[in-house]
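Protein chains: 4
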Amino acid sequence: MPYGEDKCTKRLQTKFAELFETEVTVFPVTTGTAANALALSVMVPPFGAVYCHAAAHINVDECGAPELYTGGAKLLTLPGSNGKVYAQDLTNAIASSGKGVVHHVQPAAISITQTTEAGTVYSQSEVRQIAEVAHTHHLNLHMDGARFANAVASLGCSPADITWRSGVDVLCFGATKNGAMAAEAVIFFNQDLAQTFSYRRKRSGHLLSKMRFLSAQLETYVTNDLWLKNAAHANKMAEKLATELTKLPGVKFCYPVEANEIFIQLPEAVIAGLMADGFQFYRWEGEHSTTVRLVTAFDTKYESVDALIKAAQFYSDCFDCKKT
Amino acid sequence: MPYGEDKCTKRLQTKFAELFETEVTVFPVTTGTAANALALSVMVPPFGAVYCHAAAHINVDECGAPELYTGGAKLLTLPGSNGKVYAQDLTNAIASSGKGVVHHVQPAAISITQTTEAGTVYSQSEVRQIAEVAHTHHLNLHMDGARFANAVASLGCSPADITWRSGVDVLCFGATKNGAMAAEAVIFFNQDLAQTFSYRRKRSGHLLSKMRFLSAQLETYVTNDLWLKNAAHANKMAEKLATELTKLPGVKFCYPVEANEIFIQLPEAVIAGLMADGFQFYRWEGEHSTTVRLVTAFDTKYESVDALIKAAQFYSDCFDCKKT
Amino acid sequence: MPYGEDKCTKRLQTKFAELFETEVTVFPVTTGTAANALALSVMVPPFGAVYCHAAAHINVDECGAPELYTGGAKLLTLPGSNGKVYAQDLTNAIASSGKGVVHHVQPAAISITQTTEAGTVYSQSEVRQIAEVAHTHHLNLHMDGARFANAVASLGCSPADITWRSGVDVLCFGATKNGAMAAEAVIFFNQDLAQTFSYRRKRSGHLLSKMRFLSAQLETYVTNDLWLKNAAHANKMAEKLATELTKLPGVKFCYPVEANEIFIQLPEAVIAGLMADGFQFYRWEGEHSTTVRLVTAFDTKYESVDALIKAAQFYSDCFDCKKT
Amino acid sequence: MPYGEDKCTKRLQTKFAELFETEVTVFPVTTGTAANALALSVMVPPFGAVYCHAAAHINVDECGAPELYTGGAKLLTLPGSNGKVYAQDLTNAIASSGKGVVHHVQPAAISITQTTEAGTVYSQSEVRQIAEVAHTHHLNLHMDGARFANAVASLGCSPADITWRSGVDVLCFGATKNGAMAAEAVIFFNQDLAQTFSYRRKRSGHLLSKMRFLSAQLETYVTNDLWLKNAAHANKMAEKLATELTKLPGVKFCYPVEANEIFIQLPEAVIAGLMADGFQFYRWEGEHSTTVRLVTAFDTKYESVDALIKAAQFYSDCFDCKKT
């Protein structure tokens with residue numbers, strides 16, 4: 000049966016309800032950008048505003064997808080250390096937003112990313128405080144969970160605790176970065192918001208006729224804790240990297256390492272050496288930046304991590320790097 | 000390398016250039032709706048009009064995707080026997096469209112479907128005549144090729160002949176209905192139109208990070224004529240069905256059978272019998288309709304076709320059906 | 000006080016509530032296109048459909064404004080003699096629309112024009128039947144009333160009777176064509192639909208800072224029945240024209256003349272003569288058409304009507320026109 | 000003749016060409032929000048970005064109109080003292096924007112406001128530097144001139160000098176704030192950008208049928224330097240206010256006073272007193288703010304300014320205000 004009427008897709012509803020210990024409505028899509036933008040499209044009106052961190056993926060890395068799918072809603076950015084939005088900043092922003100005044104876009108949602116774009120993880124308490132502000136002012140709470148698995152593995156809590164029990168209305172549950180080919184699930188804890196989603200997914204071309212190939216990825220992913228095992232491995236590899244790299248002279252971590260991403264300043268000699276050795280990573284702030292991002296994954300091998308560490312130590316020693 | 004920078008995706012450019020015997024730009028996406036709507040989004044302005052057959056998939060089966068992606072352009076429908084648009088009707092429509100008059104949406108593209116929604120196939124001459132009208136009036140010509148393979152197999156021409164050599168500017172080349180999991184390619188013969196496509200694909204969430212899994216489907220599909228073999232098989236199965244069903248009393252074909260779809264009126268007793276036996280097909284005009292659509296596919300077995308024919312004969316005999 | 004906080008604008012709410020004998024919310028805007036498109040934007044979702052007559056102004060004369068303001072909703076046209084939509088056609092259209100099926104745009108509103116684009120007038124009974132079908136299927140009923148005054152003057156009923164008492168949810172109440180400089184009022188009988196209108200008006204640039212100049216036009220217009228007097232005069236002038244023109248040989252009325260527009264086939268010699276004499280009107284179906292539209296207005300003078308009639312008689316006699 | 004085919008509207012083209020000493024295309028609309036958003040809609044693609052000051056009217060006071068009209072383009076804000084964008088900040092922003100990278104919205108325009116939202120005025124040199132950066136990177140330069148007259152009066156230059164001669168592509172030339180009822184003109188110096196504007200104006204409902212009433216305001220406005228006289232008067236009134244208020248203890252100007260707006264911190268006692276006396280102005284940063292905005296206009300009377308000054312002095316003396 001096509002277009003999601005197959006058995007595998009139907010089973011997903013139950014699978015995710017069990018995983019999240021509550022009723023949910025689940026919509027598989029193929030990309031995180033589609034998941035986020037479609038989710039936001041049912042959470043805000045075209046004249047609405049979505050608060051998010053200035054570094055949020057929806058704000059800087061989706062080429063305006065939220066604007067397209069919401070019919071022109073506006074992303075309003077908040078500052079926040081370690082890539083996080085803080086409840087107090089949200090409160091202040093809403094207070095000065097001109098709510099009810101026709102000249103201004105109207106606050107309608109807040110989007111947070113878990114794991115954040117800085118590789119850090121919101122605690123339950125942090126999410127709960129944001130949710131409280133949001134719901135007090137009738138904003139919906141969206142969680143971009145492209146790296147949700149890494150956050151849950153890091154927190155060691157249940158998926159329910161860090162989502163609906165903390166006030167999240169809609170979660171974009173990512174699988175692609177953690178092992179799937181191309182699979183994300185938009186999960187509605189707030190059922191009212193789910194009602195028009197299927198039409199919006201179809202009219203954006205994100206309803207697959209052979210949905211079973213997409214759903215099968217998600218089903219496997221959440222069976223036997225595969226998703227958490229994958230994430231825990233990636234996190235462990237990042238921790239190992241961080242533990243060893245911190246011993247080198249001249250390095251500086253930009254943010255706490257809490258999941259599978261490391262943002263770190265390295266001596267130029269070390270960066271150049273690693274690159275010459277074929278390690279692949281981005282200079283994070285332009286081509287001359289000595290801040291780099293190191294990402295570990297579900298399939299990162301111990302040996303690769305060891306090799307990177309050894310290479311970094313070698314180049315560090317070699318060039319007698321000084322602390323910057 | 001993510002986001003289409005992989006080798007397989009890069010190879011697609013060459014593969015399709017060879018297949019179509021000309022320079023092309025190829026963008027893989029996962030669904031036909033996405034392919035069509037994104038293609039149209041670079042072919043018409045928001046205040047533009049797209050002519051198409053009243054029965055066109057873009058008009059009735061995409062939940063408004065073209066309207067979303069074009070920023071509100073309008074589909075203007077044309078009549079036409081056997082599911083086809085005819086050049087003369089297009090000429091007339093443009094003549095009365097109010098071109099240059101600010102009150103009216105401005106004709107900017109014509110979209111035709113090959114194989115049509117009626118299962119018929121445009122000849123080269125028919126496409127060429129449409130293209131001539133289109134280009135004379137500065138309209139772009141879009142071909143929805145969800146079943147393009149079946150048309151080429153039916154025509155026995157080269158892919159080039161029925162597309163750019165006949166004046167097609169952009170082709171949505173379908174693979175999903177003919178064997179792929181979820182893969183379509185938007186193929187630009189008119190390179191000027193391709194320039195902003197990559198941004199539009201990204202902002203609609205249709206750029207896959209692990210593009211290689213999508214490109215691999217397309218590469219296999221066009222290698223060693225697999226796509227044409229699949230389509231030829233499906234067409235042959237449809238021909239077989241048509242040849243036999245026409246012998247039954249009381250049947251009437253709605254359109255010529257030229258590819259892999261049959262639209263046929265059957266006696267109710269035959270329909271009911273086939274359904275009771277587990278054959279799956281749609282009543283085409285509502286739940287009491289005795290017009291049904293029979294579709295054969297790349298994987299339709301000879302035995303299945305035989306079984307259907309035998310069952311139809313059995314129910315026809317049994318109930319002593321009269322010619323309607 | 001700017002932006003509609005002035006006294007005149009506030010008085011409009013009461014004025015219109017009295018005029019329509021019920022609670023209303025009134026939003027002044029400057030054009031009929033803005034009124035219609037903004038009204039529809041709160042009546043349908045982006046994946047929705049608006050039924051309307053094929054000749055509806057929203058469909059053919061607004062350059063896609065409804066599509067822009069609704070975020071891409073689709074206008075689905077209905078046939079209908081004398082420029083009218085009929086309840087039965089609406090019923091049939093909804094029945095075959097695929098309501099609830101994700102592939103199709105979802106019926107959400109029906110728009111009728113009163114006075115119609117053919118110069119005819121819906122009776123209360125006709126509107127009521129349409130409303131009944133609409134509301135049974137949860138569609139909103141929009142009335143484009145660019146020539147609403149002429150319809151009310153023609154019907155001799157109260158404005159309430161032909162709108163909310165007959166089931167209209169939102170009326171675009173025109174004044175520009177009947178004497179104002181640039182003033183239309185969007186009138187909500189269904190208050191739920193009004194809630195986000197003010198934001199949508201602002202973000203489309205249709206909220207005037209010096210709103211009082213707009214509201215003053217509307218206030219004057221509905222004071223002391225000026226609007227009805229203007230319309231009655233225009234209607235009377237049209238009636239006079241029709242009564243006399245019908246006596247000429249070779250003329251044929253396209254539709255009943257019920258308000259201030261006449262669609263009439265005239266002998267070419269008469270058309271050419273009238274044009275040569277400086278009378279201004281459109282050939283209605285292209286430059287060689289002998290169907291013309293004659294429109295009378297609030298300020299059409301008796302003498303002008305007489306002059307046209309005399310001229311028509313002169314050219315008719317002169318050229319010895321035969322009945323076509 | 001309707002829809003701008005009247006003589007008055009046609010004369011505007013010549014009038015403005017003379018005023019700006021170059022070929023221009025002029026489109027009258029009724030509001031500044033419509034002017035800005037429509038202008039931007041032809042300057043950026045839907046996946047584009049518009050740079051502007053964080054305090055820009057288009058960013059904070061138009062309820063998302065630019066997002067609606069551009070089909071979802073993004074406004075990216077720049078800091079800048081005295082309400083101004085500076086060329087160096089624009090350079091830096093473009094450099095880190097990810098131009099050519101598909102994940103990011105693409106820089107396509109820069110919008111500056113003249114007179115700025117802080118009541119300051121860009122010099123020719125400042126505009127020229129911004130234009131140079133913009134054009135080097137293929138961005139269009141938009142000037143929001145809601146208070147353009149006040150800027151020209153303040154600079155004492157020709158309108159040409161501060162616009163196209165300094166590199167402005169499109170100017171929104173305001174009249175409403177400086178004497179008109181509701182009239183703005185979108186003026187294209189870059190003719191290529193003007194080509195689709197008329198369709199976009201129509202489909203947004205901003206094409207008036209009786210355009211002459213709108214054009215007449217603009218024609219009068221630019222005849223015999225009325226616009227400059229009005230602005231010069233308003234500026235003078237502001238200067239007078241500033242000169243006297245600066246003498247009071249405890250006052251602080253937020254920005255230089257260069258046109259007809261004063262942003263000033265006043266002792267609470269003075270603010271309360273002035274309000275009690277019936278003077279109307281906004282507290283600028285919320286209801287407890289002691290920063291107020293004083294705006295003078297074309298019709299501000301000398302006596303009113305004197306009265307305000309005297310009252311301010313009285314309340315200042317009375318309460319023995321200290322310097323803050």
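Residue numbers (numbering that gives the first Met the number 0), protein chains in the order written: chain A, 0 to 323; chain B, 0 to 323; chain C, 0 to 323; chain D, 0 to 323. Where a beta carbon is used, it is the ideal one built from N, C-alpha and C, also for glycine.
Sequence-distant residues of its chain with Cβ nearer than 7 Å to residue 148/A (five each side left out):
177, 226, 227, 229 and 230
By the 10 Å Cβ neighbour count, where 16 or more other Cβ atoms means buried, how is residue 322/C classified, buried or exposed?
Reliability of the predicted coordinates at residue 322/C is poor, the pLDDT of 49 falling under 50, and no value is obtained from them.
Once you ignore the five residues that flank residue 195/B on each side, which residues in its own chain have a CB closer than 7 Å to its CB?
41
Is there contact here, the segment 90-109 of chain D with the segment 92-103 of chain A, by at least three beta-carbon pairs under 8 Å?
no
Beta-carbon contacts of residue 294/C that lie in its chain and below 7 Å, excluding the five residues immediately before and after
259 and 260
What's the gap between the Cα of residue 125/C and the Cα of residue 137/C?
When rounded, the separation of the alpha-carbon atoms in residue 125/C and residue 137/C is 18 Å.
Just verifying my parser: in three-state terms, what is the DSSP assignment at residue 322/D?
For residue 322/D, the pLDDT reaches just 49, beneath the cut-off of 50, and the residue's location in the model is therefore unreliable, leaving the point undetermined.
State whether the segment 108-127 of chain C contacts the segment 51-65 of chain C, with contact taken as three or more CB pairs (one from each stretch) at a distance under 8 Å.
Put simply, the segment 108-127 of chain C touches the segment 51-65 of chain C. At least three CB pairs are less than 8 Å apart.
In chain B, what lies closer than 7 Å to residue 201/D by C-beta?
101 and 102
Distance, residue 160/A Cα to residue 122/A Cα
Cα to Cα, residue 122/A sits roughly 10 Å from residue 160/A.
Give a yes or no on whether the C-beta atoms belonging to residue 3/A and residue 34/B are separated by under 9 Å.
no
Could you check the C-alpha separation between residue 215/B and residue 140/D for me, to the nearest Å?
44 Å
Look at the alpha carbon of residue 218/C and the alpha carbon of residue 7/C, and state the distance between them as a whole number of angstroms.
8 Å
Could you tell me which residues DSSP pairs with residue 26/B in its beta bridges?
185/B
With hydrogens ignored, establish whether the beta-carbon of residue 194/C is closer than 8 Å to any heavy atom of the ligand HEM.
In the structure on display, the ligand HEM does not appear, and there are no ligands present to speak of.
Starting from the beta carbon of residue 62/A, find every residue of chain B whose beta carbon is closer than 8 Å, and list them in chain order.
198, 201 and 202
Determine, using beta carbons only, whether residue 289/C and residue 264/C come nearer to each other than 9 Å.
yes
To the nearest angstrom, report how far apart residue 74/C and residue 61/B are at their CA atoms.
14 Å
Span of the beta strand (DSSP E), counted from its first residue to its last, around residue 73/A
73-77
Along the chain, where does the alpha helix (DSSP H) that runs through residue 258/D open and close?
Per DSSP, residue 258/D belongs to no alpha helix (DSSP H) and is neither H nor E.
Where does residue 122/D sit, in a helix, a strand or coil, going by DSSP?
coil
Tell whether a beta-carbon distance below 9 Å holds between residue 70/B and residue 145/B.
No, they are not a contact pair.
So within the segment 25-71 of chain A, which uninterrupted beta strand (DSSP E) runs reach at least 3 residues, ignoring any that extend past its ends?
47-52
Residues of chain A with CB under 7 Å from residue 73/D, in chain order?
Close to residue 73/D, with beta-carbon spacing below 7 Å, are these residues of chain A in chain order: 63 and 66.
Out of curiosity, what's the CA-to-CA distance linking residue 269/C and residue 81/C?
25 Å
Taking DSSP as the reference, what is the three-state secondary structure of residue 279/C?
coil
Excluding sequence positions up to five away, which residues of its chain have a Cβ less than 8 Å from the Cβ of residue 39/D?
49, 57, 65, 68, 69, 72, 108, 110 and 141
Check residue 137/B in the structure and name its three-state DSSP category.
coil
In the DSSP output, which residue or residues are listed as bridge partners for residue 170/D?
142/D and 186/D
Compute the distance between the beta-carbons of residue 257/D and residue 312/D, then report whether it is under 9 Å.
no
DSSP beta-bridge partners for residue 112/A?
143/A
Sub-9 Å separation of residue 187/D and residue 23/D beta-carbons
yes
Contacting positions in the segment 204-215 of chain C - beta carbon closer than 8 Å to chain D:
204, 205, 206, 207, 208, 209, 212 and 213
Contact belief for residue 206/C with residue 101/A at Cβ below 8 Å, rounded distance in angstroms
7 Å
Quick one: what's got a C-beta closer than 8 Å to residue 297/C's C-beta in the same chain, skipping five residues either side?
Apart from the 5 residues on each side of it in sequence, residue 297/C sits with its Cβ closer than 8 Å to the Cβ of 177, 178, 229, 230, 232 and 233 in its chain, given in chain order.
Under a CB-based cut-off of 9 Å, is residue 8/B close to chain D?
no
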